[in-house]
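Novice: Residue numbers (my numbering), protein chains in the order written: chain A, 1 to 331; chain B, 1001 to 1331; chain C, 2001 to 2320; chain D, 3001 to 3320. For each residue, glycine too, the CB sits at the ideal point set by N, CA and C. Computed from a prediction, not measured in an experiment: that's the story for all the values here. Just passing along the structure, written as C-alpha cells.
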Amino acid sequence: MSSLRNTDIARLRAHHRLMWRIRKLEEAALRGLKAGVVLGAIHPSIGQEAVAAGAVGNLRRDDILLSTHRGHGHTLAKGADSEAMLRELFGRVGGTCGGKGGSMHIADFSVGMLGANGVVGANIVIAAGSAHAIKLRGEDRVVCCIFGDGAINRGPFLEGLNWAAVFKLPVLFVCEDNGFAATTRTSTMTAGGGPAVRAEAFGIPATLVDGNDVQAVDEAAARLIGEIRAGGGPRFLHAKTYRLTGHTGVDPAAYRPAAEVEAARMLEPILRCAEVLRSAGLSEAELEADRGAAEAEMDIAYEAAFAAPYPGPEEAFRDVQDAGSPEEVAF
Amino acid sequence: MSSLRNTDIARLRAHHRLMWRIRKLEEAALRGLKAGVVLGAIHPSIGQEAVAAGAVGNLRRDDILLSTHRGHGHTLAKGADSEAMLRELFGRVGGTCGGKGGSMHIADFSVGMLGANGVVGANIVIAAGSAHAIKLRGEDRVVCCIFGDGAINRGPFLEGLNWAAVFKLPVLFVCEDNGFAATTRTSTMTAGGGPAVRAEAFGIPATLVDGNDVQAVDEAAARLIGEIRAGGGPRFLHAKTYRLTGHTGVDPAAYRPAAEVEAARMLEPILRCAEVLRSAGLSEAELEADRGAAEAEMDIAYEAAFAAPYPGPEEAFRDVQDAGSPEEVAF
Amino acid sequence: MTIMTYSAAAKAALAEEMRRDPYVWAVGEDLGRGGVFGQYAGLVEEFGPDRISDAPISEAAIMGACVGAAMTGTRPVVEMRFSDFALCAVDELVNQAAKARFMFGGQSKVPLVVREPIGMWRSSAAQHSQSLESWYAHIPGLVVVCPSTPADNKALLKAAIRCDDPVVYMEHKNLWPMEGEVPDGEILLPFGKARQVQQGGDITMVSWSAQVHVCAEAAKSLAAEGIGVDLWDLRTLWPWDREAILTSAAKTGRAVIVHEAVQVGGFGAEIAATIAEHTGARVSRLGAPRAPIGYAPPVENAVRVTASQIVAHARTALNG
Amino acid sequence: MTIMTYSAAAKAALAEEMRRDPYVWAVGEDLGRGGVFGQYAGLVEEFGPDRISDAPISEAAIMGACVGAAMTGTRPVVEMRFSDFALCAVDELVNQAAKARFMFGGQSKVPLVVREPIGMWRSSAAQHSQSLESWYAHIPGLVVVCPSTPADNKALLKAAIRCDDPVVYMEHKNLWPMEGEVPDGEILLPFGKARQVQQGGDITMVSWSAQVHVCAEAAKSLAAEGIGVDLWDLRTLWPWDREAILTSAAKTGRAVIVHEAVQVGGFGAEIAATIAEHTGARVSRLGAPRAPIGYAPPVENAVRVTASQIVAHARTALNG
Ligand SMILES: Cc1ncc(C[n+]2csc(CCOP(=O)(O)OP(=O)(O)O)c2C)c(N)n1
Ligand SMILES: Cc1ncc(C[n+]2csc(CCOP(=O)(O)OP(=O)(O)O)c2C)c(N)n1
Ligand SMILES: [Mg+2]
Ligand SMILES: [Mg+2]
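Following this line, the structure appears as C-alpha cells:
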C-alpha cells in the first residue's frame, strides 16, 4: 500500500475528494429532508461511495450512465453539478430536471447521465438499448448501468443481460450489492449463487470486488471498461458494500442489529481510503482539506438551491410531447 | 437394451402407445386444419412426443401440469380425453373449455391440467404459484411446468425459477428444447450456457436429457419428481428434441435446410422407442397395433367432434366473473 | 363503532379474513416488516411468515404466482406497493388472471385481491403517483374497488377477499392516516352500490377514492351559496352503480364527474357517456390534464383537482 | 397512385424512412424472416440484420432497449407482434418511454414507434385479439395511431417514424391483405386530423381502424333508407380531431361512436363525453360487451359489432 506510485496517489486522492463530495451532498440532502426542503423520498448511498467513485470515475464524459433510485453518488461522479442536483432535490428552477423529477429521476444528459429510475431494474434494459444505439452508430462509447442486489430478481435483469450478450453490446453492468432490498435482507429472497453467477449464466464475464475498497473498484472497472471499449462485449461487476443509513431518509432501519451496522461502519470506504492515503504519506491536514472542501461546496450549494424559486405551474404542461401536447389540449 | 425387465417393457409399451396417440391426435388436428375444421392457429408437437410421454407420465392424476401453446401432447398425456380435446380445437360444445379457449388455451382441470398458454413463459410464474398453494395447503402434490427453449429469454423464467427456489416449492420445470422459437434458431438469441446453466444459477438442480429418448426422459423425470415429492424443492429438466413440422400448422418452415429435418426424422422418438421394443421381443404386429389403435381412436374422436354443435352466442357472456358479470351488465 | 384509520381498517379486515379462512394469505415485498405503508404491521406475528409472506422484487412473479395459487385452492392477497409497479405485472393480471375463467370455459375461478395503492402523495413524481383505475375497468373479468373511508376500506376489503373474481383493490396513499368510524362486527359491502355522501337537488356529483373528500368540501361551499349537491361516492368502478347515478342525474338534470386521474380516457368518460346516453342530463368532467405528475409542488399542484375548481365548475355547469 | 395492400404500404413506409435516415431501425421477434404477418418480408435483404433485427422473446427488453436506443440517437421501430404481448412491456412503455421527457425536464425525447397489431382475427381467442387503444390514449406522453387503409398506413407510419414522441402504432390484423390506392411520392399525414369517409346530414358516426369499413357498409344501407351519415375515420386517437367531430355533431345533432374494443372504458366514452360536454348533440356508443373474446365462431361473433347492428342502432338513435 505504501508502495503506491505517485500517479496512483493522485488518483486515489481524487477518489477521496469525490467520495467526500458524495457524502457531503447526501448529508446536505438529509439535512434538507429534515428541514422539509427536500421533497419526496430520498435514498442515501452513505457508505457506498466507493462504487460511484471507482466505477463511474472510469467513464469518459461522453460515456453513458444509468442509475437507480439511489443515484446521487453516481450522478455526481459522472460530473453533474452539485448545486443543480440539490436544486433538483428541492424541486427548484435550475435543477438538473427543472425540478420536475426529483431524487428518483435525477438525470443530467449533458454529462451522459441518462437517469435514475423509480422502478427497480428498469434501467437495465434501457442501458442495453443505449449501448445498442452506440453499436448501431459505430461509436466507441461505453454504457455503465448500476443497480442494486434486489434488482437481480426482476425479469429485466435476465432480459437486459441476455440482450447485451446476444448483441455483444458495450455495457458494464454494476451490481451495487448493499445486502438489502428496502427492509428485506436480499439473501433471503435470492436463490442460487447471486449476481455474478447469474451474469455468467447469461454469458457475461463477471468480476467480484470489495465495493468498499475504492482502489479495487477502480482497478476492476478500468480493466472491464477497457475490455468493453476494445469491443469485448458486456462485462459484469459485482461490488459488495453496505448501506449505513436506512433505506430512505426516514427509515430507522430497525430491521438490523446495531452491532452489524457498527461493524460495517469500521469498513466504510472513506475511512479506508484515507488510511491508504495516510500510509502513502498524506497528512491529516490534507485529508481534512478534502472533507472541508466538500462540506463547503455543499453548504454553498444548499444555500443557493434553497434560494432558488420553484418552477411555475406552466411547467406541468411543458415537455410532455410534441403531438397532442397538453399545452394545446390538456383535457 | 434387450435386457429390459418385463415391467420396463410394459412401461415402454405404454409410452409407445401414448406417443402414437399424441401423434395421431395431432395428425387429426392438422387434417382438421386443412379442412377448415380446426379454427385459429395450432402448434404441433410432432417429433417431440417423448417429452410429454416421459415427463407427464410420471405425474399422479392429482398432480398439476401447466403447458404452452404447443400443449396437445402434454394435455393428452395428463389424461385428457381425445375427443374432448378435438372438440376444443374445433370450437365445439363438449370441448375441454367448452370451445371457448381453443388449442392455445386447452386445459382440463379435472385431470390437473391447468392450461396451455398463449403467452410464452407466462405459465412459469403461474406454475410456481400453484406449487406455492400446494405447499401452503400442506399437500404432497407436485407441479410440472413445461415450456420451450424460447421462453428462457423472458423475465418470468428468472422470476418464476427464483420464486420456486426461494420458497422451496414442489415444481418440476421442463424445458422442451426443440431448437427453435417460431422461425428463429433459439441459439442465435440466447446467450450463455442455456437452460440448465441458468436454472443452476437460480439454485435449481438441473438435468440434461435426450428428449427424443422416452426411456431417458421417463427415468430422469421419475427421479426428479421423486426428489420433489420428498420435499427436495424444485428441479429442472432440460430435454433436447426437434420439431418435425413447422411452428404452426401452416408454417412451411423454409428457414431450415431439408437435410437437417431429414436427419432429425431418423432420430424421432416413436421410431426409437419401437426399435427398443423390437429388440426386447415385440412383434411388428404388436407395434402396428399401437399405431392402429391410436389412429382408430382419433378417427372416431374426429368424427364425433366434427358432429358436435358449436356453443351458442350466450356463451360469450358466461363464466366471465361473478361481480358485474356481462350476463347482467355487458355495456 | 370504533375510530380507526383507513390503514388500520384494512389491516383489521385482512386479519379477520385470515382468521376465518386458513387459505387466505398475503404476499409482497417487505410485508414481514409491515409493508411500505405499515398496513401489514404486526400481522406476521399472528399469522407467521408463510401467510404474511415476503417476496423478492418480482412483481410479475408476485402477480403470476398468485394467479396459480388462486387456481390451486388458496385466496391470495397481492401487495403491489404502488399501483405504478403493477405495470411490471400486466400480462399476469390482464392476460392471465382476468381471462382464465372464461378461456378455460369456467373450469376455474381466480379469487385474487390485488392491492394497488394509487394517487398523488406529495412529491412522489411521475412513477409513484398514478391513478390508472380506468384501465382495469376496461378489462373484462376484473372487479375494481376504490374505497374512500376507513369503514369502506374494511367492508370492501373483506368483500374483495371473499369474492371469487380477481379484484383490483386501489387504496389511496393519502388516505392511510385518515380516521373515521368503523362499525363493529362483521360488515361486508356489496360491489356496485354507491354511497350517497349527501343529498341535494341541483346537481349530481360523482367521485371515488380520495377525491370524494375534496368533493364533499366543495359541496359544503356550494351549499353556502344555496346550491344543493347530490354527492355520490362510487366505491366500486366495476361493477358501478348505474341505477343510483342515472336516477340522480335524471332528477337534477346536471351531472359532474370528478376524479384525480387524467381526464382523457378516465373512468369519468364512461360515466358521463352513460349518463348522456340514458338521461337528458347535461354532463361534464373534472380530471387531471393529460400530463405526467411532476415533483415540485407547483407542478404537482397544477394537475390536482381542487375544491375551488369543483365549486367554480359546478357554478358554470348550473349557469351554462 | 399504386394499388397496394395495407401490409405492403407499411413496408414501403418503413423502407422509405430507413433509406432516408440511417438511424431508423426495426427490431422484433422473427423480423429476419419477415415478421409474423410478413410485414417485414424482404427488408433484411436491403438493410441487413442490424437494422432489421431479430430479438429474443423478451418483450420487456425489446421495448426497454428501444427506450434507451431512442434516447441515444436512433429511431427504433418496435415490433410487438400482437398488442396482447405488449402487456409484457407496460412498465417500459408507460413508466419509462411516456414519462422520460417530462420527468427529466425536457432533456431527452424518446422517438419510438411501437407497432402493436390489434383486433379480432378469426378464432385467435382471448390472448391474441384485444384492442386496448383506449389505455394508451389515457397515458400522457403517448401518441396513438390506428390506421384503417393502405394509404393511411403508409402516410401515418412515415409520420410516426419522424415524430419525436413515443407513438403506439396499432395496425389491425384483419386489414393486412386489404388493397387500396396509395398515392405515389412522399406523403405524410399530420396527427389529429380525421378523415371524412362520407358526408351526410342526419347523423355523425365516428370510428377508427377496421371498424371504419364496417361503418361504411352500414352507412351505405342507411343511405338506401334515406339516412345521411357523416362518417369520420379518427385515424389518430391521441391527438384526436375534436374540431371536426364536434362540428359534425353540432351540425347533425346526433353522434354515434363505433369501435371494436370493449365499450366500457373504451375510447368511445371519451368522444361521447366530449361531444355531450360541448354540443347539444345526443350521443351513443357501440362497442364490444365487457367479455373476453372466445374461440368458437358464435362466441367470437357475439362480441363483434356488425354493420346490421350499426344500422339498427342509428335508426333507433334517430327515432329516439
Ligand atoms: C419494480 C419495483 N418494485 C418495488 C419498488 C420499491 N422499491 C424501491 S427501492 C427497493 C429496494 C431495492 O433494492 P436494491 O435493488 O437492492 O437497491 P438498494 O435500495 O439496496 O440500493 C424497492 C423494493 C420499486 N421502486 N420498483
Ligand atoms: C410473450 C410472447 N411473445 C411472443 C409470442 C409469439 N410466439 C408464440 S410461440 C413463439 C415461439 C416460442 O418458442 P419456444 O418457447 O421455444 O416454444 P416452441 O414454439 O418452440 O415450442 C413465439 C415467439 C407469444 N406467444 N408470447
Ligand atoms: Mg440493495
Ligand atoms: Mg422452441
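Can you give me the C-alpha to C-alpha distance between M19(A) and Y2136(C), rounded to a whole angstrom?
Specialist: One-based indexing of the first sequence puts residue 19(A) at position 19. One-based indexing of the third sequence puts residue 2136(C) at position 136. Rounded to the nearest angstrom, the two C-alpha atoms are 46 Å apart.
Novice: Using a Cβ cut-off of 9 Å, pull out every chain C residue sitting near F1109(B), in sequence order please.
Specialist: Residue mapping note: residue 1109(B) aligns to position 109 of the second sequence, counting from 1. Neighbours of F1109(B) on chain C, chain order: M2071, F2104, Q2107 and S2108.
Novice: Under DSSP, the alpha helix (DSSP H) around G3048(D) begins and ends at which residues?
Specialist: Looking up residue 3048(D) in the fourth sequence gives position 48. Residues L3043 to R3051.
Novice: Is there a C-beta anywhere in chain C that falls below 8 Å from the one on L25(A)?
Specialist: To locate residue 25(A), count along the first sequence from 1; it is residue 25. Not an interface residue.
Novice: How close, in whole Å, do the beta carbons of H16(A) and A191(A) come, if the pair is a contact with beta carbons under 8 Å?
Specialist: The sequence position of residue 16(A) within the first sequence is 16, counting from 1. The sequence position of residue 191(A) within the first sequence is 191, counting from 1. H16(A) to A191(A), Cβ: 38 Å. No contact.
Novice: Just by C-beta distance, which residues in the stretch 2254-2286 of chain C are closer than 7 Å to chain A?
Specialist: Residues passing the 7 Å Cβ filter: Q2263 and V2264.
Novice: Using a Cβ-Cβ cut-off of 8 Å (strictly less than) and excluding sequence neighbours within five positions of Y1302(B), which residues of its own chain qualify?
Specialist: Within the second sequence, the letter at position 302 stands for residue 1302(B). Result list for Y1302(B): A1028, R1031, G1032 and L1086, in chain order.
Novice: Strictly below 7 Å CB to CB, what residues from chain A border M1266(B)?
Specialist: If you number the second sequence from 1, residue 1266(B) lands on position 266. Result: empty, since nearest Cβ-Cβ is about 31 Å, beyond 7 Å.
Novice: Going by alpha carbons, who is nearest to V2289(C) out of A2296(C), R2254(C) and A2261(C)?
Specialist: Here residue 2289(C) corresponds to residue number 289 of the third sequence, with the count starting at 1. Note that residue 2289(C) is Pro in the sequence shown here, rather than Val. If we check each option's Cα against that of P2289(C), A2261(C) comes out closest.
Novice: The alpha helix (DSSP H) spanning P1309(B) covers which residue range?
Specialist: In the second sequence, the residue the question calls residue 1309(B) occupies position 309. Unbroken run through P1309(B): none, as it is neither H nor E.
Novice: Since K2099(C) meets chain D, which of its residues come closer than 8 Å, beta carbon to beta carbon?
Specialist: In the third sequence, the residue the question calls residue 2099(C) occupies position 99. By Cβ distance, chain D contributes A3126, Q3127 and P3292.
Novice: Alpha carbon to alpha carbon, how far is A1296(B) from E1083(B)? Give it in angstroms, no decimals.
Specialist: Along the second sequence, read from residue 1 onward, the residue named residue 1083(B) stands at position 83. Along the second sequence, read from residue 1 onward, the residue named residue 1296(B) stands at position 296. Each residue's Cα considered, the two are about 12 Å apart.
Novice: Determine the burial state of R2020(C): buried for a count of at least 16 other Cβ atoms within 10 Å of its Cβ, exposed for fewer.
Specialist: Against the third sequence, residue 2020(C) aligns to sequence position 20. Flag for R2020(C) reads exposed.
Novice: Pick helix, strand or coil for Q3263(D), following the three-state DSSP scheme.
Specialist: By 1-based counting over the fourth sequence, the position of residue 3263(D) is 263. If DSSP states are grouped into helix, strand and coil, Q3263(D) belongs with coil.
Novice: What residues in its chain sit with their C-beta under 8 Å from that of A2012(C), if we drop five residues either side in the sequence?
Specialist: The sequence position of residue 2012(C) within the third sequence is 12, counting from 1. Result list for A2012(C): M2004, K2154 and V2182, in chain order.
Novice: Beta-carbon of G2141(C) versus every beta-carbon of chain D: anything under 8 Å?
Specialist: Counting from one through the third sequence, the residue named residue 2141(C) turns up at place 141. Yes - at least one Cβ of chain D is within 8 Å of the one on G2141(C).
Novice: For H3313(D), which of helix, strand or coil comes out of DSSP?
Specialist: Residue mapping note: residue 3313(D) aligns to position 313 of the fourth sequence, counting from 1. Of the three classes helix, strand and coil, the one that applies to H3313(D) here is helix, per DSSP.
Novice: Mind checking Q2039(C): buried by the 16 CB within 10 Å criterion, or exposed?
Specialist: Working through the third sequence from its first residue, we reach residue 2039(C) at position 39. Looking at its Cβ environment, which holds 16 or more other Cβ atoms inside 10 Å, Q2039(C) is buried.
Novice: Against T1068(B), what residues of chain A qualify as contacts under a CB-to-CB distance less than 9 Å, listed in chain order?
Specialist: In the second sequence, residue 1068(B) corresponds to position 68, counting from 1. Chain A residues near T1068(B): none, gap ~18 Å exceeds 9 Å.
Novice: F2085(C) CB to nearest chain A CB: under 8 Å?
Specialist: Residue numbering aside, residue 2085(C) sits at position 85 when the third sequence is read from its first letter. It does; some Cβ of chain A falls within 8 Å.
Novice: Tell whether a beta-carbon distance below 8 Å holds between S1283(B) and T2072(C).
Specialist: Position 283 of the second sequence, counting from 1, holds the residue named residue 1283(B). Position 72 of the third sequence, counting from 1, holds the residue named residue 2072(C). Taking 8 Å as the Cβ cut-off, S1283(B) and T2072(C) do not qualify as a contacting pair.
Novice: Starting from the Cα of V120(A), find the closest Cα among P156(A), V142(A) and G94(A) and give me that residue.
Specialist: What you label residue 120(A) is simply residue 120 of the first sequence in a count that begins at 1. Nearest C-alpha to V120(A): P156(A).
Novice: Check each candidate in S2284(C), S2058(C) and T2002(C) and name the one with the smallest Cα separation from G150(A).
Specialist: Within the first sequence, residue 150(A) is the residue found at index 150, counting from 1. Nearest of S2284(C), S2058(C) and T2002(C) to G150(A), Cα basis: S2058(C).
Novice: Decide if N178(A) is buried, meaning its Cβ has at least 16 other Cβ atoms within 10 Å, or exposed.
Specialist: The count along the first sequence starts at 1 and reaches residue 178(A) at position 178. Under this definition N178(A) is a buried residue.
Novice: Is G148(A) close to ligand 3? I mean its beta-carbon at under 7 Å from any heavy atom of the ligand.
Specialist: The residue given as residue 148(A) occupies position 148 in the first sequence. Because some heavy atom of ligand 3 lies under 7 Å away, the Cβ of G148(A) counts as near it: yes.
Novice: How about A3194(D): is its C-beta nearer than 8 Å to some C-beta of chain C?
Specialist: Position 194 of the fourth sequence, counted from the start, is the residue given in the question as residue 3194(D). A3194(D) does not count as touching chain C.
Novice: Examine chain B for any beta-carbon lying closer than 8 Å to the beta-carbon of N58(A), and answer yes or no.
Specialist: Against the first sequence, residue 58(A) aligns to sequence position 58. For N58(A), the answer is no, since every Cβ of chain B falls outside 8 Å of its Cβ.
Novice: Beta strand (DSSP E) containing A3288(D): first to last residue?
Specialist: Counting from 1 along the fourth sequence, the entry for residue 3288(D) is found at position 288. A3288(D) -> beta strand (DSSP E) spans R3282 to A3288.
Novice: If you scan the stretch 50-131 of chain A from start to end, which runs of the alpha helix (DSSP H) of 4 or more residues do you find wholly inside it?
Specialist: Entirely contained in the stretch 50-131 of chain A, the alpha helix (DSSP H) runs reaching 4 residues are, in chain order, 72-77 and 82-90.
Novice: Compute the Euclidean distance between the alpha carbons of R3235(D) and S2284(C), then round it to the nearest angstrom.
Specialist: The residue you call residue 3235(D) lines up with position 235 of the fourth sequence. The residue you call residue 2284(C) lines up with position 284 of the third sequence. Between R3235(D) and S2284(C), the C-alpha separation is close to 25 Å.
Novice: With distance defined between alpha-carbon atoms, name the residue in G2226(C), D2084(C), I2257(C) and R2122(C) nearest to V2212(C).
Specialist: As a first step, residue 2212(C) is located in the third sequence; it is residue number 212 there, counting from the start. Looking at the Cα atoms, I2257(C) is the closest of the given residues.
Novice: Find the nearest neighbour of K2251(C) within the set G2201(C), A2312(C) and S2129(C), judged by alpha-carbon distance.
Specialist: Within the third sequence, the letter at position 251 stands for residue 2251(C). K2251(C) has its Cα closest to that of G2201(C), out of G2201(C), A2312(C) and S2129(C).
Novice: D3091(D) touches chain A at which residues, Cβ-Cβ below 7 Å?
Specialist: For the purposes of this step, residue 3091(D) is taken as the residue at position 91 of the fourth sequence. By Cβ distance, chain A contributes V119 and A122.
Novice: Tell me whether L190(A), by its Cβ, gets closer than 7 Å to a heavy atom of ligand 3.
Specialist: Your numbering for residue 190(A) matches position 190 in the first sequence. Contrary to the premise, residue 190(A) reads as Thr rather than Leu in this sequence. T190(A) Cβ: outside cutoff for every heavy atom of ligand 3.
Novice: Whose C-beta lies closer than 6 Å to the C-beta of A1216(B) among residues of the same chain, with five residues either side of it excluded?
Specialist: Here residue 1216(B) refers to the residue found at position 216 when the second sequence is read from its first residue. So the list reads V1209 and D1210, once near-sequence residues are dropped.
Novice: Quick check: is any heavy atom of ligand 4 less than 7 Å from the C-beta of F1180(B)?
Specialist: As a first step, residue 1180(B) must be located in the second sequence, where it is residue number 180. It does: the Cβ of F1180(B) is within 7 Å (strictly closer) of some heavy atom of ligand 4.
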